[in-house]
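Asker:
Residue numbers (this note's numbering): 25 to 271.
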């Protein structure tokens with residue numbers, strides 16, 4: 025598989041998974057649809073579906089554009105109901121109920137965010153076996169996963185940086201309080217990584233970094249120092265091979 029980062033910030037999140045010419049997935053739909061059209065050369069027939077984590081606009085805003093172009097959108101009932109999205113292209117999925125899209129096996133799981141019914145996704149490509157975990161906009165993940173190969177996971181802020189910014193008035197107290205109960209800090213991410221078996225992990229991709237409360241170099245270094253696994257920052261334009269072999 026190949027991961028292409030189209031957007032990874034509070035301005036908009038969208039990732040393209042390319043497993044083959046005929047098997048492609050979109051993760052979240054929060055960047056301008058015209059940008060996605062250009063990336064796909066205006067060819068949508070290979071896109072098997074769009075997975076939406078939750079209803080906030082930086083993740084879902086352009087989902088209806090995909091639906092109009094004949095692509096199925098997969099999200100929780102709460103997500104669709106929150107924005108009153110209806111139609112045969114909007115497919116309701118449930119946490120911990122596995123389903124398939126083409127050759128992709130997908131297990132949604134519930135996450136912790138200030139949204140109606142947010143989800144993360146464990147994605148495996150059947151023909152080659154790679155497993156990718158996608159989790160964003162959550163301050164905690166209660167599940168443990170086995171034999172992960174790649175992790176595309178939020179690392180939104182550093183606690184000390186956010187606390188200092190709140191004290192200096194760079195962010196207000198309301199935003200600071202919301203941050204603590206809606207996004208993954210570096211510290212909580214490190215705890216999550218420590219509690220999972222990363223024996224088979226080949227890369228950890230850090231996504232959705234805060235514009236004001238993060239430090240990419242520190243985050244990358246801290247994650248690598250704890251795990252000894254190659255760690256990458258998800259920046260627009262990044263292309264990363266997600267292969268099981270060669271190691």
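Don't be surprised by glycine CBs; every beta carbon is placed ideally from N, CA and C.
Taking only the alpha-carbon atoms, compute the straight-line gap between residue 261 and residue 31 and give it to the nearest angstrom.
Answerer: Here residue 261 refers to the residue found at position 237 when the chain shown is read from its first residue. Here residue 31 refers to the residue found at position 7 when the chain shown is read from its first residue. If you take the alpha carbons of residue 261 and residue 31, they lie about 8 Å apart.
Asker: Just reading off the alpha helix (DSSP H) that residue 33 is part of, what are its end residues?
Answerer: Taking the chain shown and counting its residues from 1, one reaches residue 33 at position 9. Unbroken run through residue 33 is the beta strand (DSSP E), 26-33; no alpha helix (DSSP H).
Asker: With three or more beta-carbon pairs closer than 8 Å as the criterion, would you say the stretch 125-141 touches the stretch 95-107?
Answerer: They touch, by the three-pair rule.
Asker: Short of 6 Å in beta carbon distance, which residues of its chain neighbour residue 107, apart from the five on each side in sequence? Order them along the chain.
Answerer: The residue labelled residue 107 in the question sits at position 83 within the chain shown. Cβ within range, chain order: 79.
Asker: Among residues of its own chain, excluding the 5 on either side of residue 6, which ones have a beta-carbon nearer than 6 Å to its beta-carbon?
Answerer: Nothing about residue 6 can be reported from this structure: the residues present for the chain run from 25 to 271 only.
Asker: Is it right to say residue 14 is buried, meaning 16 or more other beta carbons lie within 10 angstroms of its own, or is it exposed?
Answerer: Nothing can be reported for residue 14: it is not among the residues displayed for the chain, which extend from 25 to 271.
Asker: Do residue 72 and residue 144 have their C-beta atoms within less than 8 Å of each other?
Answerer: Here residue 72 corresponds to residue number 48 of the chain shown, with the count starting at 1. Here residue 144 corresponds to residue number 120 of the chain shown, with the count starting at 1. Contact: no.
Asker: Note down the Cα distance separating residue 94 from residue 65, rounded to an integer number of angstroms.
Answerer: Reading the chain shown from its first residue, position 70 is the one you call residue 94. Reading the chain shown from its first residue, position 41 is the one you call residue 65. The straight-line gap from Cα to Cα measures roughly 16 Å.
Asker: Can you check which of these residues, 235, 241, 228, 232, is closest to residue 254 by C-alpha distance?
Answerer: Stepping through the chain shown from its first residue, residue 254 is reached at position 230. Residue 228 is the option with its Cα nearest to residue 254.
Asker: For the beta strand (DSSP E) that contains residue 221, what are its first and last residues?
Answerer: As a working mapping, residue 221 is identified with position 197 in the chain shown. Segment: none, residue 221 is in no beta strand (DSSP E) and carries neither H nor E.
Asker: Quick one: give me the first and last residue of the alpha helix (DSSP H) that residue 82 is part of.
Answerer: Numbered from 1 along the chain shown, position 58 holds the residue referred to as residue 82. Here the alpha helix (DSSP H) through residue 82 covers 81-84.
Asker: My guess is that residue 26 and residue 178 are in contact by the Cβ rule of under 8 Å, so how many angstroms apart are they, rounded?
Answerer: Stepping through the chain shown from its first residue, residue 26 is reached at position 2. Stepping through the chain shown from its first residue, residue 178 is reached at position 154. About 21 Å; that fails the 8 Å criterion.
Asker: How long is the line joining the alpha carbons of residue 154 and residue 169, rounded to whole angstroms?
Answerer: As a position in the chain shown, residue 154 is number 130, starting the count at 1. As a position in the chain shown, residue 169 is number 145, starting the count at 1. Each residue's alpha carbon lies about 14 Å from the other.
Asker: Would you tell me roughly how many angstroms separate the C-alpha atoms of residue 266 and residue 47, rounded to the nearest one?
Answerer: As a first step, residue 266 is located in the chain shown; it is residue number 242 there, counting from the start. As a first step, residue 47 is located in the chain shown; it is residue number 23 there, counting from the start. Cα to Cα, residue 266 sits roughly 14 Å from residue 47.
Asker: Note down the Cα distance separating residue 205 from residue 224, rounded to an integer number of angstroms.
Answerer: Looking up residue 205 in the chain shown gives position 181. Looking up residue 224 in the chain shown gives position 200. Cα to Cα, residue 205 sits roughly 30 Å from residue 224.
Asker: Which residues bound the beta strand (DSSP E) around residue 145?
Answerer: Against the chain shown, residue 145 aligns to sequence position 121. Run containing residue 145: 143-149, per the beta strand (DSSP E) assignment.
Asker: Three or more beta-carbon pairs under 8 Å between the stretch 193-202 and the stretch 241-257, yes or no?
Answerer: Judged by Cβ distances under 8 Å, the stretch 193-202 makes no contact with the stretch 241-257, as fewer than three pairs qualify.
Asker: DSSP three-state call for residue 212: helix, strand or coil?
Answerer: Translated into positions along the chain shown, residue 212 becomes position 188. Residue 212 falls in the helix class under three-state DSSP.
Asker: From the DSSP output, read off the bridge partner residues of residue 231.
Answerer: To locate residue 231, count along the chain shown from 1; it is residue 207. Answer is 178.
Asker: What did DSSP end up calling residue 102 once you bin it into helix, strand or coil?
Answerer: As a position in the chain shown, residue 102 is number 78, starting the count at 1. In the structure shown, residue 102 sits in a helix (DSSP, three-state: H, G or I).
Asker: Quickly, what does DSSP pair residue 263 with across the bridge? List them, please.
Answerer: In the chain shown, counting from the first residue as 1, residue 263 sits at position 239. Residue 263 pairs with 28.
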